[in-house]
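**Q** Quick one: structure below, then a few questions.
Numbering (our numbering), first residue to last: 35 to 297.
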């Protein structure tokens, strides 16, 4: 399904229509505009347009924030629009991603907890709640989960707005500052965002296991790695990924459990 011509015009999107790879496979580029079906709560989209825009004004990061239509709407016939930001994903720049996670979180240091985080019902939101012991849905069974949950301990860092999926959603440009796309927001401590980067890097981008120990100096970082693994494992389970596909996590799970046991 591609965006109708009328929708493209309403968002001032002019040019050839290209389907974009990655994400959920539903986004299209038209000139300088990216169009995709609404995949967040309308109030979350409004938060991005108003709160995120206000607090990120003047910062060096390029953030993908919503575009309003000619008539001032954020949603037109079920479609949303964002600027097409130049750059490319570059595996291996994980230390820089951790810095971007810190910079991103700092933008919203004075922001109150948004209401929309409690209303989301997609797999990622449920998996995030499970990772933090807040899930109240049907039982979830997947490889490694029982061992990780039994090793999970309380953490005490204050929560705030973090990006929960930075690894593949930062675009590096040779001239411009990094671009952060697909703003996947959670109300969690900063080290959770960094832990997700580390787990994704080790499991999917060939990073050395040592990254799990070097990407953050926090003494309790293994506890965040436990939560990051639970987040990914439960998301995969809720999205129907067969248990046989969970082997990519095996080495990371083993090392994280070792690190947590050594605390």
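Every residue, glycine too, gets a C-beta built ideally from N, C-alpha and C.
Using the beta-carbon count (16 or more within 10 Å), is residue 45 buried or exposed?
**A** On the chain shown, residue 45 is found 11 positions in, with the first residue counted as 1. Label assigned to residue 45: buried.
**Q** How is the alpha helix (DSSP H) around residue 68 delimited, first residue to last?
**A** Indexing the chain shown from 1 puts residue 68 at position 34. Not the alpha helix (DSSP H): residue 68 falls in the beta strand (DSSP E), residues 67-71.
**Q** In the DSSP assignment, the beta strand (DSSP E) including residue 233 goes from what residue to what residue?
**A** Position 199 of the chain shown, counted from the start, is the residue given in the question as residue 233. That residue, residue 233, is in no beta strand (DSSP E); its alpha helix (DSSP H) goes 224-238.
**Q** Tell me residue 155's beta-bridge partners as DSSP assigns them.
**A** Indexing the chain shown from 1 puts residue 155 at position 121. Note: residue 155 sits in no beta bridge, so no partner.
**Q** Using 8 Å as the threshold, is the C-beta distance between residue 47 and residue 74 below it?
**A** For the purposes of this step, residue 47 is identified with residue 13 of the chain shown, where counting begins at 1. For the purposes of this step, residue 74 is identified with residue 40 of the chain shown, where counting begins at 1. Result no, Cβ atoms of residue 47 and residue 74 do not sit closer than 8 Å.
**Q** Identify, in the order they occur along the chain, each residue of the same chain with its Cβ nearer than 7 Å to the Cβ of residue 101, setting aside the five sequence neighbours on each side.
**A** Working through the chain shown from its first residue, we reach residue 101 at position 67. Excluding residues within five positions, the ones whose Cβ falls inside 7 Å are 45, 67, 115, 116, 117.
**Q** Helix, strand or coil, according to DSSP, for residue 3 in the structure here?
**A** It is not possible to answer for residue 3, since the shown part of the chain is limited to 35 through 297.
**Q** Whole-angstrom Cβ separation of residue 205 and residue 215, contact assumed at under 8 Å?
**A** For the purposes of this step, residue 205 is taken as residue 171 along the chain shown, with counting starting at 1. For the purposes of this step, residue 215 is taken as residue 181 along the chain shown, with counting starting at 1. Indeed, because the Cβ distance is near 7 Å, the residues count as touching under 8 Å.
**Q** Taking only the alpha-carbon atoms, compute the straight-line gap between residue 238 and residue 125 and give it to the nearest angstrom.
**A** The residue you call residue 238 lines up with position 204 of the chain shown. The residue you call residue 125 lines up with position 91 of the chain shown. About 10 Å.
**Q** If you check the beta carbons only, do residue 174 and residue 274 fall under 8 Å apart?
**A** Residue mapping note: residue 174 aligns to position 140 of the chain shown, counting from 1. Residue mapping note: residue 274 aligns to position 240 of the chain shown, counting from 1. Going by C-beta atoms, residue 174 is not nearer than 8 Å to residue 274.
**Q** Do residue 220 and residue 151 come within 8 Å of each other at the CB atom, strictly closer than that value?
**A** Within the chain shown, numbered from 1, the residue matching residue 151 stands at position 117. Within the chain shown, numbered from 1, the residue matching residue 220 stands at position 186. Yes, the pair counts as a contact, with Cβ atoms nearer than the cut-off.
**Q** On a CA-only basis, which of 249, 131, 222, 229 is nearest residue 203? Give me that one, please.
**A** Position 169 of the chain shown, counted from the first residue, corresponds to residue 203. Answer by Cα proximity: 131.
**Q** Rounded to the nearest angstrom, what separates residue 201 and residue 61 at their Cα positions?
**A** Walking along the chain shown from the start, residue 201 turns up at place 167. Walking along the chain shown from the start, residue 61 turns up at place 27. If you take the alpha carbons of residue 201 and residue 61, they lie about 19 Å apart.
**Q** Should residue 39 go down as buried or exposed, given a rule of 16 or more other Cβ atoms within 10 Å for buried?
**A** As a position in the chain shown, residue 39 is number 5, starting the count at 1. It is exposed - the Cβ of residue 39 has fewer than 16 other Cβ atoms within 10 Å.
**Q** So, residue 265 versus residue 162, is the Cβ gap smaller than 8 Å?
**A** For the purposes of this step, residue 265 is identified with residue 231 of the chain shown, where counting begins at 1. For the purposes of this step, residue 162 is identified with residue 128 of the chain shown, where counting begins at 1. The answer is yes: Cβ separation under 8 Å.
**Q** Please classify residue 290 as buried or exposed, where buried requires at least 16 neighbouring CB atoms within 10 angstroms.
**A** Position 256 of the chain shown, counted from the first residue, corresponds to residue 290. Buried, because 16 or more other Cβ atoms sit within 10 Å of the Cβ of residue 290.
**Q** Which residue wins for smallest C-alpha separation from residue 295, given the options 83, 42, 192, 183?
**A** Taking the chain shown and counting its residues from 1, the one referred to as residue 295 is at position 261. The shortest Cα separation from residue 295 among 83, 42, 192, 183 belongs to 183.
**Q** Report buried or exposed for residue 149, applying the criterion of at least 16 other Cβ atoms within 10 angstroms of its Cβ.
**A** Along the chain shown, one-based indexing puts residue 149 at 115. By the neighbour-count rule (16 or more Cβ atoms within 10 Å), residue 149 is not buried but exposed.
**Q** Mapping the DSSP letters down to three states, classify residue 74 as helix, strand or coil.
**A** Residue mapping note: residue 74 aligns to position 40 of the chain shown, counting from 1. Of the three classes helix, strand and coil, the one that applies to residue 74 here is coil, per DSSP.
**Q** Look at the alpha carbon of residue 85 and the alpha carbon of residue 194, and state the distance between them as a whole number of angstroms.
**A** For the purposes of this step, residue 85 is taken as residue 51 along the chain shown, with counting starting at 1. For the purposes of this step, residue 194 is taken as residue 160 along the chain shown, with counting starting at 1. Their Cα atoms are separated by approximately 14 Å.
**Q** Assign residue 82 to one of three DSSP states: helix, strand, or coil.
**A** On the chain shown, position 48 is the one that residue 82 refers to. Helix at residue 82.
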